[in-house]
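A short worksheet on the structure shown next.
Protein chains: 2
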Amino acid sequence: MLRTSMQVVEESGERSMGVTLSEVARHAGVSLATASRALNGSARTVGGELAAKVRASADALGYLPNAPAQALARAATANVGVLLHDVADPYFAAIARGVSDAAGRAGLLPLVINTDGEPETQVRGIRMLHGQRVRAIVLAGSAHTDPAAVRAVDAALADYRADGGRIATITDHGPGYDAVLPDNRGGAADLTRALLGLGHREFAVITGPERLRVPMERLAGVREALAEAGVEPAEGAVQHVEFTRAGGREAVRRLLDRPQAEWPTAVLALSDVCAIGVLGELRARGVDVPGRMSVAGFDDIPFAADVAPALSTVRMPLERLGASAVTLALESDGGGRPVRQALPTEVVLRGSTGAAPARGR
Amino acid sequence: MLRTSMQVVEESGERSMGVTLSEVARHAGVSLATASRALNGSARTVGGELAAKVRASADALGYLPNAPAQALARAATANVGVLLHDVADPYFAAIARGVSDAAGRAGLLPLVINTDGEPETQVRGIRMLHGQRVRAIVLAGSAHTDPAAVRAVDAALADYRADGGRIATITDHGPGYDAVLPDNRGGAADLTRALLGLGHREFAVITGPERLRVPMERLAGVREALAEAGVEPAEGAVQHVEFTRAGGREAVRRLLDRPQAEWPTAVLALSDVCAIGVLGELRARGVDVPGRMSVAGFDDIPFAADVAPALSTVRMPLERLGASAVTLALESDGGGRPVRQALPTEVVLRGSTGAAPARGR
DNA sequence: CGGCAAGGGGAAAGCGCTTTCCCGGAGGTT
DNA sequence: AACCTCCGGGAAAGCGCTTTCCCCTTGCCG
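For the protein sequence lines, the chains are A and B, in the order given. Offset between the first sequence (1-based) and this note's numbering: plus 668. Offset between the second sequence (1-based) and this note's numbering: plus 668.
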């Protein structure tokens, strides 16, 4: 009795990493090679009868191919890497979902790394993924404006690519990469035009940190549309904050600290997460939205439609962004010139924007 | 000229998987063994001088250890697996972030799989992670109530564990697993008591699908507190919907279809995401919250505080849930009895709840 | 009816690491 | 001075697969 149970323990202790292919082969009475070909696909075919026998043995023994071993032998893993600022941010969460779905369809598993937008973390992340020999890397976070940061990231990516790695970026990281390019600038310009159309002339724009390229592109779009209309944002009306709810609140506080006569009638928060912070702070201060002030965001994250008032924003197909990036990376033959796939954006006007109030005088 | 460029192509094609350790060893003039010991840590020490030389060669050549090869040789990867319903859901996104952080601290990389709450997808996911030989699996989604589903998941997990895998679950998946157990039932009861304290007697509760265990636990908590107070929910006042915004809206529609006299004064939506849908639909229908109806959610996802009115809810330390699960799984010696770590929850009352309106008669 | 091309099975050589195991030399004991 | 013990370097044996070769059958054609 006691011996029996001990034997069981010993057994499970001895070869603790699972059933191997050669066990399956022995059980089926075939060679290792045949077992491999029968189970894990190969150019060569295996006789129907034998193949069936091997498959039977495999699931009789509960065989599961050892992925690291396969990766080593094939010189290719079944993983893709995703580098993003923060999965807990709805923008990136949606992208991650898209990546995950597309990866799954390709039989791959996603490895996700949060960089918090730090260039060094990003570079470390690329190195880790490179070490993992992932099939492809999707770079989802914004590029940096600091040339040194860009250079560091580029260098890490170049190393990876030199080893046969495939890369796709979401938003622009330079012309050398396959990329999915939502129209940040155009979307921001359209949004701005929409608000101009509602009669607004006094704008505040709350955008992301100057170190990131995406918020700068969006800001450029706003400026472009404003300039077209001959409107100039007041001094101090462009705030750079983190793209978080706290960032939005902070910006509003600074905005409302100024004399009421200088308050804008329209606030463009160039990220929905941020805009939601703006809405919250405005409510806390008793500012009527959109009566006194219109607010718009950017991204159309899932919650944008559910806050009160519902957030006007620029719709981006977030999941598709992620999915397309994976597809692009995997299809990229590395040879030709990079595929740069532009994606349209669309202004969605909801309850948080309205006609500009009559001039307060 | 042409030849030169062709040579370059050939070179990069020839050994396309990167610098190997033996190249480093040769470059440093030491044996493979020494190089390995110097770079990738080992029980044995390497002479200071040699070690330095090896390290120098390593980064002169840009050596990055081949993770799959290491995994094979060490019989252990540097990955953990996370199984959740949907990363795009803020509840799971926050958990994923916690997992990711804790994994990073342990030098591991997370592999995430979305199951959409399907038992088969979950089982397939476990198998894939098992095949990947991940160090640990964190099961973040709710358990199922269907015994067959539970059995299937248990079986897959048992196989994994038999091969030395470590497992931790978030919320209860049975006593056999290390687990982080937020107090779903107690939290729901506390929340209910808080609303009873505000004078509410007519409740509706919107909970998740009966196939999932977590929403059933929360529902049980509500029922418990209601029973204590001698209050009985009206017929049809308990709605089972998906834990999504759409689910929340749908439930509200059904609720409001009944004669106004039967409307509840308090709606408990047992997930914040769902509650936000409820709030949206109520607003669309012009129902005053909290004047006519109080609404509460569950989870305290980051946005709960930012919707209007701000959502009363039960706070759960989501990121900590994820982080603790990783820690638990990694520390689990597999030997002793499972560690079951209870985590307290806390009722947070915000603007979406208020005193019950005077009895409509 | 011999010769030959496929078709499909198996032996064995890796893939890039880690880790025994062996060995030589330096230092300490009796 | 002979012996033993560490200490640290290196050769080589795997880890669990895939994939080249090599070889034996079959089937077919001239």
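C-beta atoms are modelled at their ideal positions from N, C-alpha and C, and glycine is treated no differently.
Check whether residue i and residue j have beta carbons under 8 Å apart
i	j	result
VAL722(B)	VAL687(B)	no
SER962(A)	LEU864(A)	no
PRO1012(A)	ASP814(A)	no
ALA739(A)	ARG801(A)	yes
ASP846(A)	ALA997(A)	yes
ALA808(B)	VAL882(B)	no
GLU1014(B)	VAL975(B)	no
GLY1019(A)	ALA964(A)	no
ASP636(B)	GLY842(B)	Residue 636(B) falls outside the range modelled here, since chain B spans only 669 to 1029, and no answer is possible.
ASP752(B)	ALA764(B)	Correcting the residue type first, residue 752(B) is Leu in the shown sequence and not Asp. Contact: yes.
ALA937(B)	GLU892(B)	no
ALA905(A)	VAL873(A)	yes
PRO877(A)	GLU900(A)	no
HIS798(A)	LEU732(B)	yes
Cα-Cα separation between residue i and residue j, rounded to whole angstroms
i	j	result
ALA735(B)	MET796(A)	9 Å
ALA816(B)	PHE971(A)	35 Å
GLY867(A)	ASP968(A)	23 Å
ALA929(A)	ARG879(A)	32 Å
ASN708(B)	ARG792(A)	17 Å
VAL890(B)	GLY954(B)	27 Å
ALA771(B)	ALA804(B)	10 Å
GLY715(A)	THR837(B)	43 Å
ALA744(A)	THR702(A)	21 Å
TYR759(A)	ARG886(A)	16 Å
ARG819(B)	ARG853(B)	24 Å
LEU894(B)	PHE871(B)	9 Å
VAL780(A)	GLY959(A)	42 Å
THR860(B)	MET884(A)	47 Å
GLU691(B)	LEU776(B)	26 Å
GLY1004(B)	ALA1024(B)	50 Å
ALA741(B)	MET685(A)	12 Å
SER768(B)	ALA1026(A)	50 Å
VAL1007(B)	SER725(B)	45 Å
VAL667(A)	TRP931(A)	Residue 667(A) falls outside the range modelled here, since chain A spans only 669 to 1029, and no answer is possible.
ALA902(A)	THR933(A)	12 Å
ALA824(B)	ALA746(A)	21 Å
THR783(B)	ALA943(A)	31 Å
ALA914(B)	ASP727(A)	41 Å
SER939(A)	VAL806(B)	32 Å
ASP840(A)	ASP754(B)	27 Å
THR713(A)	ALA720(A)	12 Å
GLN790(B)	GLU987(B)	22 Å
ILE794(A)	GLU788(A)	10 Å
LEU924(A)	GLY916(A)	12 Å
ASP1053(A)	ARG773(A)	A question about residue 1053(A) goes unanswered here, because the residues of chain A that appear run from 669 up to 1029.
Strand pairing of residue i, partner residues [DSSP]
i	result
ASN782(B)	LEU752(B)
VAL906(A)	VAL873(A)
GLU930(A)	GLU930(A) pairs with nothing; no bridge assigned.
THR837(A)	LEU807(A) and ALA847(A)
ARG960(B)	According to DSSP, which records beta bridges pairwise, ARG960(B) is partnered with nothing at all.
LEU825(B)	Answer by DSSP bridge pairing: none, since LEU825(B) is not bridged.
ARG1014(B)	A small correction: the amino acid at residue 1014(B) is Glu; Arg does not occupy that position in the sequence shown. Note: GLU1014(B) sits in a beta bridge opposite ARG983(B).
Helix, strand or coil at residue i according to DSSP, with G and I counted as helix
i	result
PHE871(B)	strand
VAL882(B)	helix
GLN800(A)	coil
GLU900(B)	coil
ASN747(A)	strand
SER939(A)	coil
VAL955(A)	coil
LEU998(B)	helix
SER673(A)	In this predicted model, SER673(A) has a pLDDT of only 31, less than 50, meaning its place in the structure is not dependable enough to derive any value.
ALA1026(A)	coil
THR860(B)	helix
THR702(A)	helix
SER757(A)	The sequence as given places Asp at residue 757(A); Ser does not occur at that position. Coil.
LEU989(A)	helix
beta-carbon residue i near the ligand ADP non-hydrogen atom, thresh 7 Å
i	result
ASP840(B)	Summarising the ligand content, the structure contains no ligands, and the ligand ADP is consequently not present.
Three or more C-beta pairs below 8 Å linking the region 986-997 of chain A and the region 942-951 of chain A: No, they do not touch.
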